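Colleague: Structure incoming, see below.
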Amino acid sequence: MEKKPQYKVIVSDRARQMLAGHIRFLAQKSPTAARKIKTDLMNAICSLYQMPERFLFLEAEFIPPNKYHKMFVEKWYLILYQIKDQSVYVDFIVDCRQDYGWLIQ
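Numbering of the sequence shown is given in numbering that gives the first Met the number 0, commencing with residue 0 and proceeding in unit increments.
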């Protein structure tokens, strides 16, 4: 049986800052919920080492076609990443309840 390739997952500084901001904000209301979301997001990101192409591309007017894959986590979070060679680059972690129109302009 052929072994599936494994990818190196690289999280950008911007994505790390976005994650920290989401967790800090949520922790003000519920530390327990913040811990759960952090765990869920980290597990989702780590899962990209295998078959990152399983998620569809983001289709938006101002984003080049087939650039970012999109992965939804829980109800509100969107992880955008690119695949290049054997690496997955996580560039954005967006809380969809906030205005993220800046991303597609």
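Each residue gets a CB set at the ideal place from its N, CA and C atoms; glycine is no exception.
All values derive from a computational prediction rather than experimental measurement.
In terms of residues, what are the limits of the alpha helix (DSSP H) holding residue 94?
Modeller: The residue labelled residue 94 in the question sits at position 95 within the sequence shown. That residue, residue 94, is in no alpha helix (DSSP H); its beta strand (DSSP E) goes 86-94.
Colleague: Classify residue 17: buried if its beta carbon has 16 or more other beta carbons within 10 angstroms, exposed otherwise.
Modeller: Here the question's residue 17 lines up with position 18 in the sequence shown. Per the 10 Å Cβ criterion, buried.
Colleague: Taking C-alpha atoms, which residue in 70, 64, 50 and 35 lies nearest to residue 84?
Modeller: Working through the sequence shown from its first residue, we reach residue 84 at position 85. For the residues 70, 64, 50 and 35, the minimum Cα distance to residue 84 belongs to 50.
Colleague: Alpha helix (DSSP H) containing residue 24: first to last residue?
Modeller: Within the sequence shown, the letter at position 25 stands for residue 24. Run containing residue 24: 12-28, per the alpha helix (DSSP H) assignment.
Colleague: Helix, strand or coil for residue 104, going by three-state DSSP, please let me know.
Modeller: Start at 1 with the first residue of the sequence shown, and residue 104 comes out as number 105. With a pLDDT of only 46 at residue 104, under the threshold of 50, the placement of this residue in the model should not be trusted; the figure read from the coordinates follows. Residue state, collapsed to three classes: coil.
Colleague: Is it buried or exposed, residue 55, if we count other Cβ atoms within 10 angstroms and call 16 or more buried?
Modeller: Numbered from its first residue, the sequence shown carries residue 55 at position 56. Exposed.
Colleague: Taking the beta strand (DSSP E) that residue 71 belongs to, which residues open and close that run?
Modeller: Locating residue 71 in the sequence shown gives position 72, where the first residue counts as 1. First-last of the beta strand (DSSP E) with residue 71: 68-72.
Colleague: Compare the C-alpha of residue 4 against each of 33, 87 and 96 and name the closest.
Modeller: Translated into the one-based positions of the sequence shown, residue 4 becomes position 5. The option with the nearest alpha carbon to residue 4 is 87.
Colleague: Report yes or no: do three or more beta-carbon pairs, one from the region 74-81 and one from the region 25-44, lie closer than 8 Å?
Modeller: Taking 8 Å as the limit for Cβ pairs, the verdict is that the region 25-44 does touch the region 74-81.
Colleague: Alpha carbon to alpha carbon, how far is residue 61 from residue 40? Give it in angstroms, no decimals.
Modeller: Residue 40 sits at position 41 when you count from the first residue of the sequence shown. Residue 61 sits at position 62 when you count from the first residue of the sequence shown. Going from the Cα of residue 40 to the Cα of residue 61 covers about 26 Å.
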